[in-house]
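**Student:**
2 protein chains.
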Amino acid sequence: MGQWVIYATGRRERPVDVHRKRADRPSLPSRDAHCPFCHGHEAAVPEIVMELPARDPKYWQTRVVRNKYPVLVPETSVQEDQEGIYRAMTGYGRNEVIIETPAHNVDIAAMSPEQVRAIIETYHKRYVDIYAADENIQCIIIFRNRGERAGTSLMHPHSQLVASAFVPGCIRVQERRAKEYFEQEKSCVFCDIIGFERKSRKRVVFENESFIAFVPFAAEVPFQVWILPKGHQSDFAKISDQEKTDLAGTLRDVLRRLDEQVQGPDYNYIVKSFAKQNRSAPYLHWYVEVRPRLVTAAGFEIGSGVHVNHSIPEEDAEILREA
Amino acid sequence: MGQWVIYATGRRERPVDVHRKRADRPSLPSRDAHCPFCHGHEAAVPEIVMELPARDPKYWQTRVVRNKYPVLVPETSVQEDQEGIYRAMTGYGRNEVIIETPAHNVDIAAMSPEQVRAIIETYHKRYVDIYAADENIQCIIIFRNRGERAGTSLMHPHSQLVASAFVPGCIRVQERRAKEYFEQEKSCVFCDIIGFERKSRKRVVFENESFIAFVPFAAEVPFQVWILPKGHQSDFAKISDQEKTDLAGTLRDVLRRLDEQVQGPDYNYIVKSFAKQNRSAPYLHWYVEVRPRLVTAAGFEIGSGVHVNHSIPEEDAEILREA
Numbered sequence: 019m020g021q022w023v024i025y026a027t028g029r030r031e032r033p034v035d036v037h038r039k040r041a042d043r044p045s046l047p048s049r050d051a052h053c054p055f056c057h058g059h060e061a062a063v064p065e066i067v068m069e070l071p072a073r074d075p076k077y078w079q080t081r082v083v084r085n086k087y088p089v090l091v092p093e094t095s096v097q098e099d100q101e102g103i104y105r106a107m108t109g110y111g112r113n114e115v116i117i118e119t120p121a122h123n124v125d126i127a128a129m130s131p132e133q134v135r136a137i138i139e140t141y142h143k144r145y146v147d148i149y150a151a152d153e154n155i156q157c158i159i160i161f162r163n164r165g166e167r168a169g170t171s172l173m174h175p176h177s178q179l180v181a182s183a184f185v186p187g188c189i190r191v192q193e194r195r196a197k198e199y200f201e202q203e204k205s206c207v208f209c210d211i212i213g214f215e216r217k218s219r220k221r222v223v224f225e226n227e228s229f230i231a232f233v234p235f236a237a238e239v240p241f242q243v244w245i246l247p248k249g250h251q252s253d254f255a256k257i258s259d260q261e262k263t264d265l266a267g268t269l270r271d272v273l274r275r276l277d278e279q280v281q282g283p284d285y286n287y288i289v290k291s292f293a294k295q296n297r298s299a300p301y302l303h304w305y306v307e308v309r310p311r312l313v314t315a316a317g318f319e320i321g322s323g324v325h326v327n328h329s330i331p332e333e334d335a336e337i338l339r340e341a
Numbered sequence: 019m020g021q022w023v024i025y026a027t028g029r030r031e032r033p034v035d036v037h038r039k040r041a042d043r044p045s046l047p048s049r050d051a052h053c054p055f056c057h058g059h060e061a062a063v064p065e066i067v068m069e070l071p072a073r074d075p076k077y078w079q080t081r082v083v084r085n086k087y088p089v090l091v092p093e094t095s096v097q098e099d100q101e102g103i104y105r106a107m108t109g110y111g112r113n114e115v116i117i118e119t120p121a122h123n124v125d126i127a128a129m130s131p132e133q134v135r136a137i138i139e140t141y142h143k144r145y146v147d148i149y150a151a152d153e154n155i156q157c158i159i160i161f162r163n164r165g166e167r168a169g170t171s172l173m174h175p176h177s178q179l180v181a182s183a184f185v186p187g188c189i190r191v192q193e194r195r196a197k198e199y200f201e202q203e204k205s206c207v208f209c210d211i212i213g214f215e216r217k218s219r220k221r222v223v224f225e226n227e228s229f230i231a232f233v234p235f236a237a238e239v240p241f242q243v244w245i246l247p248k249g250h251q252s253d254f255a256k257i258s259d260q261e262k263t264d265l266a267g268t269l270r271d272v273l274r275r276l277d278e279q280v281q282g283p284d285y286n287y288i289v290k291s292f293a294k295q296n297r298s299a300p301y302l303h304w305y306v307e308v309r310p311r312l313v314t315a316a317g318f319e320i321g322s323g324v325h326v327n328h329s330i331p332e333e334d335a336e337i338l339r340e341a
């Protein structure tokens, strides 16, 4: 929102072209003796925060652990500091790892719908529980990195959660723009986007009772997908039980399509929710953003903040629909 | 400015750690039969825009050509379009390649000071000439991508220039913040930063008569370096002949230090200048930003816009000073 993206399809023919290039997805064993996230390796993780139990009481469906190499930690006070013209703050927060399955080698696209739903259930439980338990937390970001190009260091299927005592810049900018739109148009910009996409259908990839997945009009990278609850919902905390099932179905479907049609790219996805203080704002609407890592941002993108996309959103959507 | 960066040095010990990892820098021949940027391969480039002649009139020092796979093109009119709630605009602009040397294998750190100065001279000439020749252009970004992780597709030493008919979002945000600072403090934020860094010296890497290089207080990535003219200068167009020599010396020095101490990382650098309409604003101050590509941004960074840096700026500066 409020950002230009450049569509330069001629760049597909560049001498080195990574468009739709297959990431070398390693074939993994179902259990790895050195993996801290595999079942039975509890001693290798710093602290188990929660588990969703499996039918067999010896196992678990999902497990949440503290990140051994955390981005932020709760063992500090929230303190601001000044060095001349600069401001610093102690890095208060939480960084948890959501282990998505005891199996080392079953990625989301290959999981049962029930298992994917258990992951969503776990995201939701931690999201609600952290806000309830820690009043310092101002924002929670849940995300998944698949593959080395997406920044992951461990192959066992897992997501992460970062809860921070400040509201990140990107989130504040998006909130401000959504608010400006609301004040002008008297409606939620995300609801208006959903309405427009459902009518035009050109960019829609998948739809079920409560969720819609589409390639955004101004997609920043090839095969970017947004997944939104179709009804207005400002806060991820408010997701219903039926919606959890529908989100799991949508997410699994979209990732399967990417695996089939774009040959298993590395990707990040992010559950985009907003600052705690704006959780019931009528102009906000949480969503999941899926970003395949098929291209490398270079100097122009870094210097300008403008993405150069050599794909066309409508074509990407068509390719994904064909799966 | 106005952005948080998280310093998480504990993350250096992660199982897969890319900190100070050597990029596999290929050893290249001095001339490559298939390289469009090598001397004698004029037929392989779309159009030669300018050349700085060499002493030997058969050769050139630098050559500027149109990018064969341009991000933006001038063969269109600047036109806005609307699709429902979305806005589109024809991609008007220019994308030029600055071939830095006829030699296929001599990177900036290994060039003579005169050759690096010729590159700066070329940047400056194109910057000034494009603004003079094309009134549609609102912003010019000059940048260099070294290595595959930095997004380059051709190995022959080259930089690029993108001139656009719109002002990119990142630039507008930076301008706004610098303006806010100026209104409050009655001084240029960049000048204040330079004054502070020169006094503290903790983060300074190199300094000569007219330029200073330091690791910024809130460095977003390991070994990030800013190079600024020490005197207030809002616009890159205003660089003097002596300053060109000093900038060339500083840039070459910084890149040599990176090659020696961080073992030749892939990097981007960007000549950060601002919108045409603000070129003489008292609150703006152009600079060069060098960003080594040692780490991969993952879901948290993408979702939040917050960088997680596992280096400490003061330590990085010390390492670079020791070269």
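Residue numbers (the working numbering), protein chains in the order written: chain P, 19 to 341; chain G, 19 to 341.
Think of the CB as a built atom: it goes at the ideal place given N, C-alpha and C, for glycine as much as any other residue.
Which residues in the same chain as I117/G place their Cβ atom closer than 6 angstroms to its Cβ, once the five residues preceding and following it in sequence are excluded?
**Tutor:** Here the set comprises F55, R81 and H176.
**Student:** With DSSP run on the structure shown, which of helix, strand or coil describes F235/G?
**Tutor:** Note: F235/G maps to coil in three-state DSSP.
**Student:** Exposed or buried, E340/G, counting other C-beta atoms within 10 Å across all chains shown (16 or more means buried)?
**Tutor:** Counting Cβ neighbours within 10 Å, E340/G comes out exposed, since fewer than 16 surround it.
**Student:** Please report whether the beta-carbon of P331/P lies at a distance below 8 angstroms from any beta-carbon of chain G.
**Tutor:** So no, P331/P is outside the interface.
**Student:** Could you tell me if Q178/G is buried or exposed, where buried requires 16 or more neighbouring beta carbons within 10 angstroms of its beta carbon?
**Tutor:** With 16 or more other Cβ atoms within 10 Å, it is buried.
**Student:** Is V36/P buried or exposed, if buried means 16 or more other CB atoms sit within 10 Å of its CB?
**Tutor:** At V36/P, the pLDDT of 40 sits below 50, so the modelled position is not reliable and the matter cannot be decided from this model.
**Student:** For T94/G, does the count of other Cβ atoms within 10 angstroms reach 16, so buried, or fall short, so exposed?
**Tutor:** Exposed, by the Cβ-count rule.
**Student:** What residue from E201/P, E261/P and P240/P has the CA that sits closest to E332/P's CA?
**Tutor:** It is P240/P whose Cα lies nearest to the Cα of E332/P.
**Student:** Would the C-beta of Y104/P count as close to the ligand SAM, meaning under 7 angstroms from any of its heavy atoms?
**Tutor:** With respect to the ligand SAM, the structure offers nothing, as it holds no ligand at all.
**Student:** Span of the beta strand (DSSP E) holding I158/P?
**Tutor:** I158/P -> beta strand (DSSP E) spans C157 to R164.
**Student:** Identify, in the order they occur along the chain, each residue of the same chain with its Cβ nearer than 6 angstroms to the Cβ of Q279/P, setting aside the five sequence neighbours on each side.
**Tutor:** Cβ neighbours of Q279/P beyond the five flanking positions: I337, L338 and A341.
**Student:** Do P71/G and V83/G have their beta-carbon atoms positioned less than 8 angstroms apart in this structure?
**Tutor:** Contact: no.
**Student:** Please determine, among D125/P, Y145/P and C157/P, the residue with the shortest C-alpha to C-alpha distance to F292/P.
**Tutor:** Of the candidates D125/P, Y145/P and C157/P, the one whose C-alpha sits nearest the C-alpha of F292/P is C157/P.
**Student:** Of all the options W78/P, P75/P and H174/P, which has the alpha carbon lying nearest to the alpha carbon of N123/P?
**Tutor:** Per the Cα distances, H174/P.
**Student:** Is it the case that the Cβ atoms of A237/G and V23/G are separated by a distance below 8 angstroms?
**Tutor:** Taking 8 angstroms as the Cβ cut-off, A237/G and V23/G qualify as a contacting pair.
**Student:** Beta-carbon of W304/G versus every beta-carbon of chain P: anything under 8 angstroms?
**Tutor:** Not an interface residue.
**Student:** Helix, strand or coil for N296/P? Go by DSSP, reduced to three states.
**Tutor:** Helix, per DSSP.
**Student:** Answer with yes or no whether the minimum CB distance from I257/G to chain P is below 8 angstroms.
**Tutor:** So no, I257/G is outside the interface.
**Student:** Identify the continuous beta strand (DSSP E) that holds H325/G and give its terminal residues.
**Tutor:** From DSSP, the beta strand (DSSP E) with H325/G extends over H325 to N327.
**Student:** Would you kindly work out how many angstroms separate the C-alpha atoms of Q251/P and E261/G, rounded to a whole number?
**Tutor:** Distance between the alpha carbons of Q251/P and E261/G is about 56 angstroms.
**Student:** Quick one: does Q178/P have its CB under 8 angstroms from some CB of chain G?
**Tutor:** Judged by the 8 angstroms Cβ criterion, Q178/P is in contact with chain G.
**Student:** With 8 angstroms as the threshold, decide whether the Cβ of A26/G is near any Cβ in chain P.
**Tutor:** Chain P, which has a Cβ nearer than 8 angstroms to the Cβ of A26/G, makes this yes.
**Student:** Out of E198/P, E201/P and I257/P, which one is the CA nearest neighbour of K143/P?
**Tutor:** Nearest C-alpha to K143/P: I257/P.
**Student:** Is I212/G helix, strand or coil by DSSP?
**Tutor:** If DSSP states are grouped into helix, strand and coil, I212/G belongs with the helices.
**Student:** Whole angstroms is fine: what's the gap from A343/G's alpha carbon to K290/P's?
**Tutor:** Because chain G spans 19 through 341 in this model, residue 343/G falls outside it and cannot be assessed.
**Student:** Which value, in whole angstroms, describes the spacing of the CA atoms of R112/G and S182/G?
**Tutor:** About 7 angstroms.
**Student:** Would you mind sorting V34/G into buried or exposed? The rule is 16 or more other CB atoms within 10 Å of its CB.
**Tutor:** Residue placement at V34/G is flagged as unreliable, the pLDDT there being 46, under the threshold of 50; the coordinate-derived value follows with that caveat. V34/G comes out exposed.
**Student:** Which residues in chain G sit within 7 angstroms of I212/P, going by Cβ to Cβ distance?
**Tutor:** Ordered by position in chain G, no residue passes the 7 angstroms Cβ test against I212/P, which lies about 11 angstroms from the chain.
**Student:** For P47/G, count neighbouring C-beta atoms within 10 Å of its own C-beta (all shown protein chains included) and say buried if the count is 16 or more, exposed if not.
**Tutor:** P47/G should be labelled exposed.
**Student:** Based on Cα-Cα distance, which residue from N154/G, D334/G and E307/G lies nearest to V222/G?
**Tutor:** When only C-alpha atoms are compared, the closest one is D334/G.
**Student:** Can you tell me whether T15/P is helix, strand or coil according to DSSP?
**Tutor:** In the structure as shown, chain P begins at 19 and stops at 341. Residue 15/P is therefore absent and cannot be evaluated.
**Student:** Could you give the distance in angstroms between the alpha-carbon of C209/G and the alpha-carbon of E201/G?
**Tutor:** Rounded to the nearest angstrom, the two C-alpha atoms are 14 angstroms apart.
**Student:** Would you verify that the beta carbon of T314/G is, or is not, closer than 8 angstroms to some beta carbon of chain P?
**Tutor:** Yes, T314/G counts as interfacial toward chain P.
**Student:** At 9 angstroms on the CB atoms, spell out the chain P contacts of P92/G, in chain order.
**Tutor:** Ordered by position in chain P, no residue passes the 9 angstroms Cβ test against P92/G, which lies about 14 angstroms from the chain.
**Student:** Just the chain G side, please: which residues come within less than 8 angstroms of K290/P by C-beta, in chain order?
**Tutor:** Residues of chain G passing the Cβ test: G321.
**Student:** Do the CB positions of P283/G and C206/G come within less than 8 angstroms of each other?
**Tutor:** Going by C-beta atoms, P283/G is not nearer than 8 angstroms to C206/G.
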